[in-house]
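The opening position of the sequence shown corresponds to residue 100 in the working numbering, with each subsequent residue numbered one higher. Below is one structure, written out as structure tokens; the observations come after it.
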Amino acid sequence: RHDKALPLYGVREAEATMKAFQPLPRDGKLQLGDTEVRFTPAGHLLGASSIHLRHGGRSLLFSGDIGRVGDLLMPVPQVPPAADVVMIESTYGNRLHPAEDVQARLAQILRTTFKRGGSVLLPSFAVGRAQALLLVLQRLRRAGELPLDVPIWLDSPMAERATELTVKHAKLLRIPADEARSLTDRVHYVTQQPQSLKLAASLAQRRARPAIVISASGMATGGRVLNYIEALAPQPQHHIAFPGFQAGGTRGARMVAGEREIKLRGRWVPVNAEVSHLDGFSGHADAEGLLQWLRALPRPP
């Protein structure tokens with residue numbers, strides 16, 4: 100640790116790595132010397148794939164993150180080739196997802212919160228989850244369950260860019276292209292940190308009308324979402340709903356567990372806002388989904 104948090108790399112270094120990438124078609128193959136590498140869409144995020152390696156007459160399959168059947172955005176995982184050895188993810192390997200209508204649950208949260216004059220904060224992963232949230236919110240608008248004059252703010256540069264890519268590659272989604280294009284209808288973007296701080300303060304001081312804010316990071320470990328947690332958590336009229344997996348020890352996990360005070364930017368912030376966890380938004384297969392993926396393999400490993 101050091102007194103001042105310093106980045107391990109900058110934009111220049113990150114952009115330089117792009118020269119090492121080799122684009123492949125979906126379900127594409129790559130020959131690396133004597134090793135054949137094959138990618139199979141895993142249904143988790145755009146581009147997420149299982150990786151199959153074959154070398155010297157032996158094969159290994161690494162699942163990567165496996166998507167769930169019935170995901171809001173992604174089609175079901177495709178079946179990869181058989182392998183001698185299979186390595187599989189296990190994020191939800193010991194549990195099942197509860198049966199939850201996420202659209203109905205979110206609609207109820209919005210109605211209750213707006214009725215008491217509060218705003219709804221959705222700490223979200225920038226890739227995949229933010230787009231799923233936008234999809235559900237737009238569906239609520241079309242169903243008349245979310246008034247058009249309720250502002251939806253997207254405060255995450257990465258989520259903004261990921262949403263653009265999601266719309267661009269709509270053919271890889273399970274939803275129609277026109278619904279993908281509508282993800283950003285009447286959505287307001289927060290482009291700079293000062294604007295983010297100003298919006299958070301306005302919502303807390305009721306100078307802005309109650310709104311919906313989607314911001315990263317999804318586990319509240321950093322990012323601009325901290326601006327809103329710091330401003331809204333002390334006030335009981337607001338609702339902070341975590342729509343993603345919360346790793347143990349993270350700020351999000353502690354809030355979901357019911358802690359009424361969290362340390363944020365060197366000081367303790369009271370948590371009086373309502374806090375909930377929307378597990379139905381998970382993009383990972385649960386225990387049964389993982390077994391289903393294994394059973395679908397051409398032969399057992």
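Each residue gets a CB set at the ideal place from its N, CA and C atoms; glycine is no exception.
Span of the alpha helix (DSSP H) around residue i
i: residue 375; result: Looking at the DSSP string, residue 375 is not in any alpha helix (DSSP H); the run it does join, the beta strand (DSSP E), is 373-376.
i: residue 346; result: Per DSSP, residue 346 belongs to no alpha helix (DSSP H) and is neither H nor E.
i: residue 327; result: 324-331
i: residue 293; result: 292-303
i: residue 391; result: 386-394
Beta strand (DSSP E) segment containing residue i, residue limits
i: residue 219; result: 219-222
i: residue 185; result: 184-186
i: residue 312; result: 311-314
i: residue 360; result: 360-363
i: residue 136; result: 134-140
Whole-number beta carbon distance between residue j and residue i, since they are thought to touch under 8 Å
i: residue 395; j: residue 195; result: No, residue 395 and residue 195 are not in contact; Cβ-Cβ is about 18 Å, not under 8 Å.
i: residue 217; j: residue 337; result: 4 Å
i: residue 282; j: residue 235; result: That belief does not hold up - the Cβ atoms of residue 282 and residue 235 are roughly 10 Å apart, past 8 Å.
i: residue 60; j: residue 147; result: Any question about residue 60 goes unanswered here, given that the chain covers just 100 to 400.
i: residue 263; j: residue 288; result: That pair is no contact at about 11 Å.
i: residue 139; j: residue 154; result: With 8 Å as the limit, residue 139 and residue 154 do not qualify as a contact, their Cβ atoms being about 17 Å apart.
Residue from the options whose Cα sits closest to the Cα of residue i
i: residue 392; options: 129, 338, 191, 177; result: 177
i: residue 188; options: 181, 166, 204, 209; result: 166
i: residue 261; options: 232, 240, 244; result: 232
i: residue 184; options: 158, 303, 350, 287; result: 158
i: residue 324; options: 295, 242, 302; result: 295
i: residue 223; options: 255, 130, 347; result: 255
i: residue 372; options: 168, 330, 154; result: 330
i: residue 379; options: 191, 113, 109; result: 191
i: residue 137; options: 104, 180, 111; result: 180
i: residue 143; options: 201, 169, 333; result: 169
Inset, instruction - Any chance you could list the beta strand (DSSP E) runs of at least 3 consecutive residues sitting entirely within the segment 145-178, in chain order? - result: 148-154, 157-161
Inset, instruction - Determine, using beta-carbon pairs with one atom in the segment 215-229 and one in the segment 325-343, whether at least three such pairs fall under 8 Å. - result: yes
Inset, instruction - With a floor of 3 residues, list each beta strand (DSSP E) that falls wholly inside the segment 190-261, ordered by position along the chain. - result: 219-222, 251-254
Inset, instruction - Would you check if the segment 247-263 and the segment 307-324 touch, i.e. whether three or more CB-CB distances between them fall below 8 Å? - result: yes
Inset, instruction - Spell out a yes or no on whether the segment 312-319 and the segment 272-285 are touching, meaning 3 or more CB-CB pairs, one atom from each, closer than 8 Å. - result: Look at the beta carbons and you see the segment 312-319 not touching the segment 272-285: under three pairs across the two are nearer than 8 Å.
Legend entry - Three CB pairs or more closer than 8 Å across the segment 263-275 and the segment 207-214: no
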